[in-house]
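My numbering puts the sequence shown at residues 61 to 278. Just so you know, even glycine gets a beta-carbon here, dropped at the ideal spot from N, CA and C. In this text, all values refer to a predicted model and were calculated from it rather than measured experimentally.
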Amino acid sequence: MHPRVIANALGAVYAAGGAAMLVPTLYALLTRDGNAVAFAVPSLATLAAGAAVFFLTRSERPYVSGRDVFLIVTLGWVGVAAAGSTPFVLSGLMSPADAFFESMAGFTTTGASTIGVPEEVPPSILLWRSLSQWAGGIGIVLLFVAVAPLVGFGAAQLVSAETADPVPDRLTTRITDTAKILALVYGSLTLGGVVALLLAGMGPFDAVNHALTTVSTG
61 MHPRVIANAL GAVYAAGGAA MLVPTLYALL TRDGNAVAFA VPSLATLAAG
111 AAVFFLTRSE RPYVSGRDVF LIVTLGWVGV AAAGSTPFVL SGLMSPADAF
161 FESMAGFTTT GASTIGVPEE VPPSILLWRS LSQWAGGIGI VLLFVAVAPL
211 VGFGAAQLVS AETADPVPDR LTTRITDTAK ILALVYGSLT LGGVVALLLA
261 GMGPFDAVNH ALTTVSTG
């Protein structure tokens with residue numbers, strides 16, 4: 061097991077999760093729905109902590125084993141879901157247990173929800189719920205393949221998880237290019253969904269939320 065590599069990867073994952081929460085933070089500020097602080101606090105805290113860990117644990121010749129990968133995936137998924145549940149609690153909308161369930165359901169795109177009447181929920185909360193589903197829809201591909209080379213260890217090790225040896229740069233580059241293509245397709249489908257819903261007469265906010273959750277099958 062390589063704690064430094066694990067910490068470095070988790071730092072990148074948590075920083076990405078914190079950055080994602082900036083979107084509903086800004087939306088809450090624009091709409092003044094009263095939840096800007098509920099998003100800003102966990103967003104900035106997660107982003108700062110993740111970035112600090114990432115930069116403090118960088119290594120020029122990192123190694124990763126199968127055990128490292130399992131820990132990165134497990135702790136990354138659970139940690140992001142836990143951080144993502146904080147706005148639900150701080151907004152006063154849910155209990156910690158319900159909030160974690162809601163967040164995990166979003167990032168795993170299971171479609172389950174504790175929200176009974178969406179119309180009664182603040183817009184920024186709905187946006188975050190949709191955004192978490194959208195991120196989870198392609199998360200395992202982009203989070204642990206595209207982000208992996210940025211963190212510093214070979215992406216092929218995340219695919220096979222068999223050895224603790226470095227992976228050739230050419231293989232890392234090829235997998236990264238594939239991840240970029242998948243991200244482009246995913247983003248294009250999302251944008252196309254938004255445009256189609258707008259043309260069908262749906263409002264901008266509803267169109268964005270429906271597109272995010274439809275493309276991710278959440």
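In terms of Cα proximity to Thr-106, the closest of Lys-240, Pro-147, Phe-161 is Pro-147. In the structure shown, the three-state DSSP call for Leu-153 is coil. Burial of Pro-102 is indicated by the presence of at least 16 other C-beta atoms within 10 angstroms of its C-beta.
In this structure the stretch 82-92 touches the stretch 183-192; the number of beta carbon pairs closer than 8 angstroms is three or more. Cβ atoms of Thr-134 and Ala-67 stay farther apart than 8 angstroms, at about 14 angstroms. In this chain, the alpha helix (DSSP H) harbouring Gly-78 covers 63-80. The stretch 267-277 makes contact with the stretch 244-252; the number of CB pairs closer than 8 angstroms reaches 3 or more. Approximately 7 angstroms separates the beta-carbon atoms of Gly-78 and Leu-104; this is inside 8 angstroms, confirming the contact.
Here Ser-145 is buried: its Cβ has 16 or more other Cβ atoms, across all protein chains shown, within 10 Å. Restricting attention to Gly-196, Ala-112, His-62, Ser-155, the CA atom closest to the CA of Tyr-246 is found in Gly-196. In this model, Glu-162 and Val-275 are separated by some 19 angstroms (Cα to Cα).
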